[in-house]
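In our numbering, the protein residues as written are 36 to 486.
Heads up, the beta-carbon is just placed ideally off N, CA and C, and yes, glycines get one too.
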Ligand SMILES: Cc1cc2nc3c(=O)[nH]c(=O)nc-3n(C[C@H](O)[C@H](O)[C@H](O)COP(=O)(O)OP(=O)(O)OC[C@H]3O[C@@H](n4cnc5c(N)ncnc54)[C@H](O)[C@@H]3O)c2cc1C
């Protein structure tokens, strides 16, 4: 039995490790076109923040360790050019030796991930303009900061990576400006949450322009210049964090079905429409338990879990991925921001009849040191009272509180169910009524007001 995995990051290495564990005698080969495998991309901002840390600290297990201690044949700088599903073979470019070869497989896992969108504007390839997707990108940004000492950064795109990097570059002493095409930062969040984040950015002297279109980048005698439809901003370093798209070219040309979001369609066993070919991670869709349909929410947490399921099934198992509810969190300066479930955009595009309520409450017991205010938005279905989503922002224990809502969404609970949860209380951790319970109560009352 030979299992071949394409892609060696979160989904790919989880799949390979699981396949090998299930079937120790099977041959497991990982083909990765980059130089590194098994690294935590999510840790890159925090690594870049710390000049003392080596970027390679993010590598969890090296290819040599995989080979020698786990018996997994990891081949870096090996790029898969095509999949010939009918012949059960793939064409591989060995960039080290400089030749191509055909590799046979019994089961194949596609874990090709996603790539950062590079907007088609003039000057986007100039030196000093960066994307942040893989370890090589992180390495390049870190070296550029260490070697050239940039003073001014422009970040194009105010999603969660843009926000994390505004924080990081500010901590590294750069003057940061953020340019966002949408009318607010964090387009996936409610305006009330985005407004609190905007205040936090301003408090740290980060300049923000929203509703602005970037037209091009130029090099001048004084560095780089970003031209927008409103004017221009000078920079020494530009980070483009304008979203990602799934790497599906291989799967598509092999004939695998893609879903409506453009990622590879998979069943709960991570099987694709092609026999003995699985897909996992940022190249694939995931079943969204709130919407009861596939969605594309590319995150490391899902990539690891889907990879594990794909690897187990490639090795003859029968594992199923339970699906997602769309949970994500991040930090920006002194704020934690997190969301789970669906937000206003998905609610309207799926024609759901829902209410949303905003509540504000302390994070800890009355007057307890370190207590901060948490702002919560809850979405609930009007007729059934079912919880549909929650978003939270605050200085203290927000991300883990959103996980309570995530659990409730997984179990399809109503806001009344959430309101009656038995959550822990002690002044260092929570007020008597946790902000989660308060938010659920406000939603339940708003719903009953409608009847
Ligand atoms: C800055 C940053 C911060 C993040 N923070 C978080 C976070 O806090 N929480 C969270 O859950 N997620 C976070 N993520 C997202 C997370 O990193 C990704 O979801 C995760 O890396 C996806 O893993 P993957 O294995 O599916 O794909 P990828 O990480 O994209 O890996 C795919 C690999 O496949 C290789 N490949 C592609 N095509 C080929 C080919 N033809 N031949 C050979 N190899 C190929 C690529 O080179 C790549 O190495 C963050 C991402 C970034 C960039």
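Have a look at the DSSP bridge pairing and note the partners of residue i.
i	result
residue 502	Within the shown structure, residues of the chain are numbered from 36 to 486, placing residue 502 beyond reach of any answer.
residue 226	Beta-bridge pairing links residue 226 to no other residue.
residue 53	Paired residues: none, contrary to the question.
residue 255	258
residue 426	374, 412
residue 67	111
residue 38	63, 142
residue 269	260
What I want to know is whether the C-beta of residue i ends up closer than 6 Å to one or more non-hydrogen atoms of ligand 1.
i	result
residue 185	no
residue 135	no
residue 14	Residue 14 lies beyond the stretch modelled for the chain, which goes from 36 to 486, so this question has no answer here.
residue 336	yes
residue 427	no
residue 474	no
residue 411	no
residue 147	yes
residue 320	no
residue 41	yes
residue 45	yes
residue 76	yes
residue 214	no
residue 333	yes
residue 312	no
residue 232	no
residue 203	no
residue 107	no
residue 258	no
residue 240	no
residue 278	no
residue 235	no
residue 100	no
residue 115	yes
Can you tell me which of the options puts its alpha carbon nearest to the alpha carbon of residue i?
i	options	result
residue 425	453, 126, 351, 251	453
residue 145	94, 50, 93	50
residue 336	110, 349, 317, 324	317
residue 44	57, 315, 250, 310	315
residue 269	427, 209, 310, 376	209
residue 169	466, 434, 441, 71	71
residue 455	213, 473, 446	473
Specify whether the stretch 104-117 and the stretch 242-255 touch according to this definition: at least 3 beta carbon pairs, one from each stretch, less than 8 Å apart. As far as the Cβ criterion goes, the stretch 104-117 does not touch the stretch 242-255, which means the pair count is below three.
Considering only residues of the stretch 337-379, which uninterrupted beta strand (DSSP E) runs meet the minimum length of 3 residues and lie entirely inside it, listed in chain order? Segments of the beta strand (DSSP E) lying fully in the stretch 337-379: 363-367, 370-376.
The stretch 119-135 touching the stretch 74-88, judged by at least three CB pairs closer than 8 Å: The stretch 119-135, when compared against the stretch 74-88, does not touch it at the 8 Å Cβ threshold.
Mind listing, in chain order, the continuous alpha helix (DSSP H) runs of no fewer than 4 residues lying wholly within the stretch 283-348? The stretch 283-348 contains these whole alpha helix (DSSP H) runs: 284-289.
Does the pairing of the stretch 228-241 with the stretch 132-150 give three or more beta-carbon distances under 8 Å? Taking one beta carbon from each stretch, the stretch 228-241 and the stretch 132-150 have fewer than 3 pairs nearer than 8 Å; the two do not touch.
Whether or not the stretch 188-201 and the stretch 376-392 are in contact is what I'm after, with contact meaning three or more pairs of Cβ atoms, one per stretch, closer than 8 Å; do they touch? Contact fails: fewer than three Cβ-Cβ distances are below 8 Å.
For the stretch 468-485 and the stretch 413-423, state whether three or more C-beta atom pairs, one from each stretch, are separated by less than 8 Å. Flag = yes, the stretch 468-485 and the stretch 413-423 touch.
If you pair each beta-carbon of the stretch 170-189 with each one of the stretch 271-279, do three or more pairs fall below 8 Å? Yes, the stretch 170-189 is in contact with the stretch 271-279.
Pairing CB atoms from the stretch 345-361 with CB atoms from the stretch 57-65, are three or more of them under 8 Å? In this structure the stretch 345-361 lies against the stretch 57-65, because at least three pairs of beta carbons, one per stretch, are closer than 8 Å.
So, do the stretch 385-400 and the stretch 352-364 have three or more beta carbon pairs nearer to each other than 8 Å? Contact fails: fewer than three Cβ-Cβ distances are below 8 Å.
With three or more beta-carbon pairs closer than 8 Å as the criterion, would you say the stretch 85-103 touches the stretch 276-286? At 8 Å Cβ cutoff, the stretches do not touch.
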